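*Asks:* Protein sequences, first through last, are from chains A and B.
Here the working numbering is used: the first residue of the first sequence is 21, the next is one more, and so on.
Here the working numbering is used: the first residue of the second sequence is 5, the next is one more, and so on.
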Amino acid sequence: MEKTKKFIVSHAPHISGEERVQTVMLDVIIALFPSVIAGVIFFGYRAALLTAVCMAACIFFEWGWCKLLKKPSTVGDLSAAVTGIILAMNLPATLPFYQAILGSLFAIIIVKAFFGGLGHNFMNPAAAARAFLLTSFAMPMTRWVEPFEKLHLINNADAITSASPLSLYKAGEELTSFWNLFIGNRGGCIGETSAIAIIIGFAYLIWRKVIDYKCPLAYVLTTFVLSACLGGTLYSGVYHVFAGGLLFSAVFMVTDYTTTPYTPWGKVIFGIGCGLITVLIRFFGGYPEGVTYGILLMNVASPLIERYTHPRRFGKVKEAKENA
Amino acid sequence: MENKFFEGAAEKIKGFISDKKEVYTFRGGIHPDAMKEETKDKPIVDIDAPQLMIFPMVQHLGAPATPIVQVGDEVKVGQKIAEASGYVSANIHSSVSGTVKEIKPSLHPNGTEVECIFIENDGRYEVVEGLKGYDYRELSPKEIVDIVREAGIVGMGGACFPTHVKLNVSDDKRIDYVIVNGAECEPYLTSDHRQMLENPKDVITGLKILMKIFGLTTGYIGIEENKPDAIEVLQNAASLDGEADIRIVTLKTKYPQGSEKQLIDAITGRKIPPGKLPADVGAIVDNVDTVASICRAVTKGRPLISRIVTVAGDCIGNPVNFRVRIGTPFNYIVEKAGGFKKEPRKVIMGGPMMGIAQISLDTPVVKGTSGLLAFGRKFARAQEETTCLRCGKCVEICPMRLVPLEINNAYKRNDFDALMKLNVMDCIECGSCSYICQSSQRVVQNIRIAKAKIREKK
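1. How should Gly-355 of chain B be labelled, buried or exposed, when 16 other C-beta atoms within 10 angstroms of its C-beta is the threshold for buried?
2. Quick check on the burial criterion: 16 or more other C-beta atoms within 10 angstroms. Buried or exposed for Gly-209 of chain B?
3. Drop a sphere of 10 angstroms on the beta-carbon of Lys-91 of chain A, count the other beta-carbons inside from all chains shown, and report buried for 16 or more, exposed for fewer.
4. Alpha carbon to alpha carbon, what distance is there between Val-315 of chain B and Asn-372 of chain B?
5. So is Ile-1 of chain B in contact with chain A if we call contact Cβ pairs under 7 Å?
6. Apply the 10 Å Cβ neighbour rule to Tyr-189 of chain A and answer buried if 16 or more other Cβ atoms are within range, or exposed otherwise.
7. Hey, out of A:Leu-225, A:Gly-192, A:Lys-229, A:Leu-122, whose CA is closest to Arg-256 of chain A's CA?
8. Given a threshold of 16 other Cβ atoms within 10 Å of its Cβ, counted over all protein chains shown, does Asn-240 of chain B qualify as buried or as exposed?
9. Looking at Phe-122 of chain B: is its Cβ nearer than 7 Å to the Cβ of Ile-179 of chain B?
10. Anything in the segment 53 to 64 of chain A with a Cβ closer than 9 Å to a Cβ of chain B? List those residues in chain order, please.
11. Determine the chain B residues that contact Ala-101 of chain A at a beta-carbon separation under 8 Å, and present them in chain order.
12. Who pairs with Gly-226 of chain B in a beta bridge, going by DSSP?
13. Just to confirm, are Ile-225 of chain B and Leu-238 of chain B a CB contact at a threshold of 7 Å?
14. When DSSP labels each residue in this structure, what does Glu-41 of chain B get in the three-state scheme?
15. Please classify Met-200 of chain B: does DSSP put it in a helix, a strand, or coil?
16. Going by beta carbon distance, what residues of the same chain come within less than 6 Å of Val-48 of chain A, once the five residues before and after it are set aside?
17. Measure how close the beta-carbons of Ile-346 of chain A and Cys-294 of chain A come, nearest whole angstrom, since I'm counting them as under 8 Å.
18. Using C-beta distances below 7 Å, list every residue in its chain close to Gln-266 of chain B, excluding the 5 sequence neighbours before and after it, in chain order.
19. Got a sec: which bits of the segment 348 to 363 of chain B sit with their beta carbon under 9 Å from any beta carbon on chain A, in order along the chain?
20. For chain A, is any of its Cβ atoms less than 7 Å away from the one on Cys-3 of chain B?
21. Using the beta-carbon count (16 or more within 10 Å), is Pro-323 of chain A buried or exposed?
22. Using beta-carbon positions only, say whether Val-62 of chain B and Val-118 of chain B come within less than 7 Å of one another.
23. Tell me the DSSP secondary structure of Lys-108 of chain B in three-state form.
24. When the Cα atoms are used, what is the spatial distance from Leu-426 of chain B to Arg-332 of chain A?
25. Taking the Cβ atom as the reference point for each residue, do Asp-249 of chain B and Thr-272 of chain B lie within a distance shorter than 7 Å?
26. Quick one: list the residues of chain A neighbouring Lys-265 of chain B, beta-carbon separation under 8 Å, in chain order.
27. Would Lys-341 of chain A count as contacting chain B if we go by Cβ distances under 7 Å?
28. Pop quiz: Gly-207 of chain A and Ala-215 of chain A are said to be a contact at Cβ under 8 Å. What is the actual Cβ separation, rounded to whole angstroms?
29. Cβ of Gly-435 of chain B less than 7 Å from any chain A Cβ?
30. With a 10 Å radius around its C-beta and 16 neighbouring C-beta atoms as the bar for buried, classify Thr-116 of chain B as buried or exposed.
31. Ala-183 of chain A by DSSP, collapsed to three states: which one?
32. Which residues in the same chain as Met-45 of chain A place their Cβ atom closer than 8 Å to its Cβ, once the five residues preceding and following it in sequence are excluded?
33. Step through the CB atoms of chain B and report whether any lies within less than 7 Å of the CB of Ala-32 of chain A.
34. If you measure from the beta carbon of Ile-292 of chain A to each beta carbon in chain B, is any gap under 7 Å?
35. Does Leu-14 of chain A come out as helix, strand or coil in the three-state DSSP assignment?
36. Might you give, ordered along the chain, the residues of its own chain that have their beta carbon closer than 8 Å to the beta carbon of Leu-56 of chain B, omitting 5 neighbours on each side?
Below is the structure:
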């Protein structure tokens, strides 16, 4: 008999799904694309440049950290690129570049790498970096410009500013129209303004089964119901869903794998908690926007939520009934 | 890639339209590519046996059988060559006529060395005298179970649990459901599918024999949606049979639909409590091939000496379903299936989700060999394991409602208390968690080791 090589022997299963970490991250990048485009349409090339800077900075810090620790580079899993884009989407288009780079550093090194890298961080890197920037550079982080304003590529210190829809609401002034909120023709961060772009991304991620609908749905519904009640009008509910960073966070941030609960009911509770905190901050807190802190607070609670929402083991229900 | 997406979408739309019919299933599970096209439309081919046949003494769950022949003995087809050595054990019969050459430890398809009887086939296939069939209607339940035990019948879906033990239900338990498992949810395998298409009468008679044991007038056959032809054939056969009420249940195509617990849940809505058996919820499940073997044992007196094996995979020259005499070495089967068209790197006995990777092709077909799959380099390459992202997909799909990722982590830090708290022993080892894992974590593989270690400790 002819000599053949030894067979490969391994435990079952011998097949696996096509999803890998890279493919999932690539899907997220694809889903972010409409938001990036919308950001560029409304805030010009400056928005594109800021996104590129954040992405490059995140990838660089990820690579540098691996190099420093003499570990194989993890840039290939594309998670750093995703963090970079999501962070940029959460920044105003006029933010100075050095601040954006500092934010990237905070996201990748302090929030992610210090805790063991991808899969081990307990807070959403982009949300934490945004919170960090908001406390460190309060003024530039809340300088909103009108859409279609001609922005200088580098320095925009003297650009004409406008109010964000949420600060309009807080100040009791005339609200932005629903149409403008829907397409994104309003002041705000690069990626959060255009609801339609975000919804396209959401549809893509659901279709590719990358994210689960439960958490975003719970988040949006909670926010809608609570702000409709607190604001007293239905439009108040709709307004709070579409204004600010809520939709963007609902699709791209509360669906982060590592920092949100993995149990089905945990996802629902997480979404409700985020919505609750967001609305409380928006209505009663000092800031006009509460999405970032809502997510961060719930991130911290997520191991606890996981522990109490483990699914009931198969066959357990029956037993309980029989005993009763 | 693109094409696949569109096909998937088209299938879903079709699914919505044809949803009028009731389809039963369980909660969780995965949708691996069925890969059954190659063999599902090819009739079963009978093949003869090679010169040397190997009969391992372990072809069932429980104690190994004890040889009752000696080297030099003449044996005939259907002659008992080894006897059950305990209650949970099974007889083994020769599938050829010839001479006992050797009795020595040899490689078993499960990777261990077990005692095997080697028989030289004289090619005459003389059948042993005294094999006698009965009219099952005139037999008592005990007599039927005795025939099943004598015939050495075990669960042929792969688990190989001795069927007579399963059928011997204590008097305090009432059986309401007898279910034939025709789900065949493992990719590539079509042996049960072909059996149902070609021998619907055997399957139905076998089911009626089981119903007779438990005094039932209704029986169930569960078949996945992706086998509409089998559903139709059995439906016709069942309606032609005026004696019994046999219901064909359409199951959703989903892995692991053919798992005993999930199948009972889908058909009856009853969930087997942790650590209990199907009989505890009043159900008995037997695989298609097992039921057909019961039929042959009772009505024709034939012991379990052959079975249907799917031979497939990208390396097999001519993928096919064979009716194989148990004891036939794998290399002979491969040869009969047109040999290898390219160099195989991985050979699997059973399906790709739960089958056992083979070290060599010298091992024989045993009672639980539902398939023999051979794959090339691309298939055999293992994905590199990366960090768990805690995405929770394994939690979502676990048919036993466990938390595989936490079990995996607990195993890695050797925390046996945590493993017990996470109910690791409930795991049915279906492998859905490993399949779905985007980080290629070896979840079920680790669970298997953890379970073995826990059993050892006890």
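No residue lacks a Cβ here, since even glycine has one placed at the ideal position from N, Cα and C.
These figures come from a predicted structure and were not determined experimentally.
*Replies:* Inspection of the coordinates gives the following:
1. buried
2. Note on identity: in this sequence residue 209 of chain B is Thr, with Gly being the wrong assignment. Buried is the call here.
3. Looking at its Cβ environment, which holds fewer than 16 other Cβ atoms inside 10 Å, Lys-91 of chain A is exposed.
4. Residue identity differs from the one stated: residue 372 of chain B is Gly in this sequence, not Asn. Those two C-alpha atoms are separated by around 14 Å.
5. Outside the shown range of chain B, which is 5 to 462, sits residue 1 of chain B, and nothing can be said about it.
6. buried
7. In the sequence on display, residue 256 of chain A carries Ser and not Arg. If we check each option's Cα against that of Ser-256 of chain A, A:Gly-192 comes out closest.
8. exposed
9. no
10. Listed in chain order, the positions of the segment 53 to 64 of chain A with a beta carbon within less than 9 Å of a beta carbon of chain B would be empty, since no residue qualifies.
11. Here the premise fails: no neighbours, minimum Cβ distance about 15 Å.
12. B:Asn-185, B:Val-253
13. yes
14. helix
15. helix
16. Only Val-102 meet the Cβ criterion.
17. The displayed coordinates of chain A run from 21 to 344. Any statement about residue 346 of chain A would go beyond what the structure contains.
18. Phe-30, Pro-260, Pro-403.
19. Along the segment 348 to 363 of chain B, going in chain order, the ones with a CB nearer than 9 Å to a CB of chain A are Pro-348, Arg-349, Lys-350, Val-351, Ile-352, Gly-354, Gly-355, Pro-356, Met-357, Met-358, Gly-359, Ile-360, Ala-361, Gln-362, Ile-363.
20. Because chain B is modelled from 5 through 462, residue 3 of chain B falls outside the range shown and cannot be assessed.
21. exposed
22. yes
23. strand
24. If you draw a straight line from the Cα of Leu-426 of chain B to the Cα of Arg-332 of chain A, it is about 11 Å long.
25. Not a contact, by the Cβ cut-off of 7 Å.
26. Those are Phe-334, Gly-335, listed as they occur along chain A.
27. Interpretation of Lys-341 of chain A is limited by its pLDDT of 47, a score under 50 that renders its predicted location unreliable; the figure taken from the coordinates is listed afterwards. Residue contact with chain B for Lys-341 of chain A: absent (no Cβ-Cβ distance below 7 Å to any residue of chain B).
28. Not a contact, Cβ separation roughly 14 Å.
29. yes
30. Exposed.
31. coil
32. Excluding sequence neighbours, Met-45 of chain A sits near Asp-97, Leu-98, Ser-99, Ala-101, Val-102.
33. So yes, Ala-32 of chain A belongs to the interface.
34. no
35. Nothing can be reported for residue 14 of chain A, as the shown portion of chain A is limited to 21 through 344.
36. Lys-105, Phe-122, Ile-123, Glu-124, Asn-125, Pro-333
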